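Quick note, the sequences are listed as chains A and B, same order. Just so we're aligned: the first sequence equals residues 336 to 697 in the numbering used here. Just so we're aligned: the second sequence equals residues 65 to 607 in the numbering used here. Beta carbons: idealized from backbone N, C-alpha and C, even for Gly. Treat the numbers as computed from the prediction; the structure is a model and nothing was measured.
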Amino acid sequence: MSEARVDGKPASLEAAAERAAEILSQARLPVISGLGTDVAGARASILLAGKLRGAYDHMRSAEIFADLDVMRQSGLMYTTATQARLRADVFLLVGRDLLHVWPEMMERLAPADIPSLSLAREPRKLLWIAPPRGFKTQGLAAETLDAPDLHTALAALRACTAGRPVACSKEMRRKLDSFAEVIKKARFGAAVWSPSSLDALSIEMLHGLIRDLNQTTRFTGLPLGTGANASGAVHVSGWMTGFPVRTSFGRGYPEHDSWSFDALRMVESGEADAALWISAYDGEAPPWKRNLPLVALVSPKAVFAREPQVRIEVGCPGVDHDAAEYERESASIVARTASRPSDMPTVETVIGEIAKRLGGDA
Amino acid sequence: MLILLKGGRIIDPVNERDEVGDLWIENDRIIAAPDGKQPDDVHDVSGKIVMAGAIDIHSHIAGGNVNTARLLLPEKHQNRLPYPPALPFSTAKWSTFETGTIYAMMGFTTVIEPAIVPHQSLQAHFELADIPIIDKGMLTVLGNDDFLLSLLRDGEGPAAVADYVASALAASNGLGVKCINAGGATAFKYNERSFSLDDVVPFYGLTSRQIVEALQRAVIDLKIPHPLHLHANNLGIPGNVSTALATIEAARGEPLHLAHLQFYSYGSEGDRGFSSAAAELAAAVNKAPNVTVDVGQVMFRQTVTISADVLRQFNGAAMASPRKSVIHDGDGNGGGIVPYFYRDTDFANTVQWACGLELFLLIDNPWQVFFTTDHPNGAPFTTYPEIFALIMSKDTRAEALSRLPQEAIAMTTLPSIAREYSLGEVAVMTRAAPAKLLGLKDRGHLGEGAVADIAVYTPGDDIAKMFRFAHLVFKDGDLVVRDGRVRHYRWGKALKVSPGYDKAIDRRLAGYYDSHFGSSRDMFAVKEHLLPRAESFQEVACA
Chain A
336 MSEARVDGKP ASLEAAAERA AEILSQARLP VISGLGTDVA GARASILLAG KLRGAYDHMR
396 SAEIFADLDV MRQSGLMYTT ATQARLRADV FLLVGRDLLH VWPEMMERLA PADIPSLSLA
456 REPRKLLWIA PPRGFKTQGL AAETLDAPDL HTALAALRAC TAGRPVACSK EMRRKLDSFA
516 EVIKKARFGA AVWSPSSLDA LSIEMLHGLI RDLNQTTRFT GLPLGTGANA SGAVHVSGWM
576 TGFPVRTSFG RGYPEHDSWS FDALRMVESG EADAALWISA YDGEAPPWKR NLPLVALVSP
636 KAVFAREPQV RIEVGCPGVD HDAAEYERES ASIVARTASR PSDMPTVETV IGEIAKRLGG
696 DA
Chain B
65 MLILLKGGRI IDPVNERDEV GDLWIENDRI IAAPDGKQPD DVHDVSGKIV MAGAIDIHSH
125 IAGGNVNTAR LLLPEKHQNR LPYPPALPFS TAKWSTFETG TIYAMMGFTT VIEPAIVPHQ
185 SLQAHFELAD IPIIDKGMLT VLGNDDFLLS LLRDGEGPAA VADYVASALA ASNGLGVKCI
245 NAGGATAFKY NERSFSLDDV VPFYGLTSRQ IVEALQRAVI DLKIPHPLHL HANNLGIPGN
305 VSTALATIEA ARGEPLHLAH LQFYSYGSEG DRGFSSAAAE LAAAVNKAPN VTVDVGQVMF
365 RQTVTISADV LRQFNGAAMA SPRKSVIHDG DGNGGGIVPY FYRDTDFANT VQWACGLELF
425 LLIDNPWQVF FTTDHPNGAP FTTYPEIFAL IMSKDTRAEA LSRLPQEAIA MTTLPSIARE
485 YSLGEVAVMT RAAPAKLLGL KDRGHLGEGA VADIAVYTPG DDIAKMFRFA HLVFKDGDLV
545 VRDGRVRHYR WGKALKVSPG YDKAIDRRLA GYYDSHFGSS RDMFAVKEHL LPRAESFQEV
605 ACA
């Protein structure tokens, strides 16, 4: 059963929604943040931001924009995990944290299997730049390259692949050359990365390598993205406003700026004077230290250093209720059937309760 | 609610009406003049043109590729105009809300998104649900999917293919079947860099022609009203008219719709090896009554090309302006997003512009040629009013021609064409014929019992202005536009077909997803209860 609290005291959902509407409508510039919710919850949040003439952001924006900034500055080639599993004869894995970001990666990409749609019917090759400590090849045709500086390693690999000189040890050069040989001979290679260990410059370098390889063969990217339905929220924001998250309705129309409308910056600088924090998946608490009027729609697991003015517990998408959310494997929005249906309210429902108490077209 | 539109010029080709008269609406339907009843509302439309709401059969308004294009080009759609409180997000450029608003202002009441791969269909329906006012629908893209190609390779026969097609339509809630460079996107995954009608898809040993024929057969067997909607091979390449002509032949007299034919109407004559072959192609269309086409008119401005023809988009990425593009090797077709600027100083762009107009004007039968820009690939749909002016007025064309590179115009027949579309022909091309092509018996005309989707225009010398700002637009009998401005939102339906099939194919598909994707096929099905509004769909009957 859902719990709601106002100023730390148990309250009905209606009373909590009433207080939330008061806090948000009295704010000069409210920010809707976290946005850890399903498609319906993100959609309701953005409509609410429009009504409030506030801004909205996602808790995983740093990772979202590492990938998105590269795409919108220089472009992207990418595939789905499923296509990689069925076709890729070479995996180029980059970064220490891939298994942490995607624990099922080895099971889903099945590097030990012969790719079922490949012409050659040969075992796959697996290259890992900066593998996790203690990674064992376990009988796979795998090679690893330790790289304390990923950007330099990727730049050197790109240069070697293009036959250009690289300043490095002979041993390093031999390693890079062997990596370059494998990726150049790939028929359909896939580079796998996560934006939690690659910054935008490294992602752009990796993508430059992918583009170079496509002059003669096929190679593509498999960005693992990030969690809390971040890509789902970006897509919803895209069709509703034309822009990704970090968008504001302050001027009466959507305006996107990934610096100005960073929720953390807005709160810490005092520009935002109230916040709605949404974390329906894992109940993560907001990252800011400053005290400001806070409405939280969170999983019952959520723990706050300071009790929010309004706390409303919501169900987990795909667990407590059916939901649509972005799925990494198919790079698309999919339907999830509730695994343990409950009567916990959805983010969409609670926001609906708040929105209808704003009155008029507030 | 009884409404009378009094004294307008009613242009309704289906009911052979072009006369000054009255039109009655009761609730959401058009009715015969009722005996002795007083209307609740009377609109004096004397001097105005009254037509059914327009229907766009091919406009990329939703789905993962369109949305990626939005995210790729934030600098190209900065906003300046606040929206009125009653019309949330209606001024947000390129948003779903703006799309429905602008279409309605122009008198369009039904728009079809023509390219959604099955795995993107849930997102596409979310996007369609957020397009206000108009009804919409989407075509389901097949023809580069491993399951279909495997069925064909294994010689499973037309019944299995039809069951699969019907099952894919049921899961995606599609209105028809689209095929985009049949086999070409798959061939590109095997590093093929060009792909034509009789080229063979590696791994499967099938030609593009075989895939097209199989899908065309399935659509006919399933009695789906809309014929196979085909994006042929070799889009955008000099000399590709031969591919278009061969594809018309490949239809073998059976129904086939060829999308954005302008992009296939190129010869390779002249010093630059690029010329219009639109006249030759139009002549072939005139001789093939089984074939319908839409134009894909080019207009001079910045746009972005969005296509599931990933091979073509990869090859075109070098021409990107601004210089960035997205190439997605997706499940099935995938897609490519390549921004592009059509320039009125550019030789090739001028030939393309002229080719589109030649097709409009040289295809004799307005029931056979459809009004599109392949939005946004040839131009955004917001250019429609200017295109109406170009096809309805030879003076407007002459004026436009005089400002373009003459060496490019010399490679076309456009200056020699005197034809001007009449309002009746426009009503056929944008209302009556699209309804027939899609099997929508309840619209595209103003007869008794039709849905009261009605556009009223103010005629004048400025044809573009007439079509940009409709005087009145009714959607389901609700007055949504007055004097070119949307008054309020309402929410239309998504149109879909549900042909019957042997459900055994669903069990096979479940097993296939389990073994190939390691996941459940069920999560790709469009579940109505997840969408924002109840009763999101309207079924269109299969014959």
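Cutoff 7 angstroms; reference residue i; Cβ partners in own chain excluding five residues on either side
i               : result
T522 of chain B : K112, M530 and H535
P498 of chain B : I119, I121, F434 and G508
D363 of chain A : According to the sequence provided, residue 363 of chain A is Arg. The question's Asp does not apply to it. Closer than 7 angstroms at the Cβ level, and outside the excluded window around R363 of chain A, lie D608.
L468 of chain B : D408 and T414
Residue i burial status per 10 Å Cβ neighbour count (16 or more: buried)
i               : result
H608 of chain B : With chain B represented from 65 up to 607, any question about residue 608 of chain B goes unanswered, as that position is not in the structure.
H593 of chain B : exposed
H552 of chain B : exposed
T472 of chain A : exposed
Q418 of chain A : buried
G117 of chain B : buried
D526 of chain B : exposed
A637 of chain B : This structure gives no information on residue 637 of chain B, because the portion of chain B shown stretches from 65 to 607.
L26 of chain B  : Residue 26 of chain B lies beyond the range of chain B shown here (65 to 607); nothing can be said about it.
N626 of chain A : exposed
P289 of chain B : buried
I198 of chain B : buried
D373 of chain B : buried
K510 of chain A : buried
N237 of chain B : buried
Inter-residue spacing [alpha-carbon to alpha-carbon] between residue i and residue j
i               : j               : result
L599 of chain A : I125 of chain B : 34 angstroms
A232 of chain B : A251 of chain B : 22 angstroms
H392 of chain B : P403 of chain B : 15 angstroms
A697 of chain A : A528 of chain B : Since pLDDT at A697 of chain A reaches only 38, below the 50 mark, its modelled position is unreliable, and the value read off the structure follows with that caveat. The alpha-carbon atoms of A697 of chain A and A528 of chain B are separated by roughly 37 angstroms.
P680 of chain A : Y268 of chain B : 49 angstroms
E603 of chain A : A401 of chain A : 22 angstroms
V349 of chain B : S667 of chain A : 38 angstroms
P466 of chain A : R431 of chain A : 5 angstroms
F405 of chain B : F364 of chain B : 7 angstroms
D534 of chain A : I647 of chain A : 35 angstroms
A188 of chain B : N441 of chain B : 18 angstroms
Cutoff 8 angstroms; reference residue i; Cβ partners in own chain excluding five residues on either side
i               : result
S260 of chain B : S272, N297, N298 and T307
L66 of chain B  : W88, I89, E90, P98, K101, Q102, P103, D104 and D105
C243 of chain B : V205, L206, G207, I275, V276, L279, L292, H293, L294 and H295
Integer-rounded CB distance, given that residue j should sit under 8 angstroms from residue i
i               : j               : result
L203 of chain B : A179 of chain B : 7 angstroms
M170 of chain B : R532 of chain B : 6 angstroms
T582 of chain A : H591 of chain A : 4 angstroms
G219 of chain B : A246 of chain B : In fact, because the Cβ distance is near 18 angstroms, the residues do not count as touching under 8 angstroms.
M577 of chain A : K157 of chain B : Note on residue identity: the sequence assigns Gly, not Met, to residue 577 of chain A. Contact holds; Cβ gap of about 6 angstroms.
V590 of chain B : L186 of chain B : 5 angstroms
D82 of chain B  : G488 of chain B : 6 angstroms
Interface flag, residue i vs chain A, CB-CB below 8 angstroms
i               : result
I391 of chain B : yes
S583 of chain B : yes
W158 of chain B : yes
N441 of chain B : no
D210 of chain B : yes
K388 of chain B : yes
T155 of chain B : yes
Residues near residue i in its chain [Cβ-Cβ closer than 6 angstroms; skip 5 each side]
i               : result
I481 of chain B : L425
V537 of chain B : A168, G171, A519, V544 and V545
M412 of chain A : I545, T555 and G556
A605 of chain B : none
R281 of chain B : P222
Cβ of residue i within 8 angstroms of any chain B Cβ
i               : result
E457 of chain A : no
V569 of chain A : yes
Y391 of chain A : no
D696 of chain A : Bear in mind that a pLDDT of 44 at D696 of chain A, under 50, signals an unreliable position, so the number given afterwards is only what the model happens to contain. Yes, because at least one Cβ of chain B sits closer than 8 angstroms to the Cβ of D696 of chain A.
A563 of chain A : no
Near the ligand MG: residue i beta-carbon under 7 angstroms from a heavy atom
i               : result
R387 of chain B : As presented, the structure is devoid of all ligands, the ligand MG included, so that no description of it is given.
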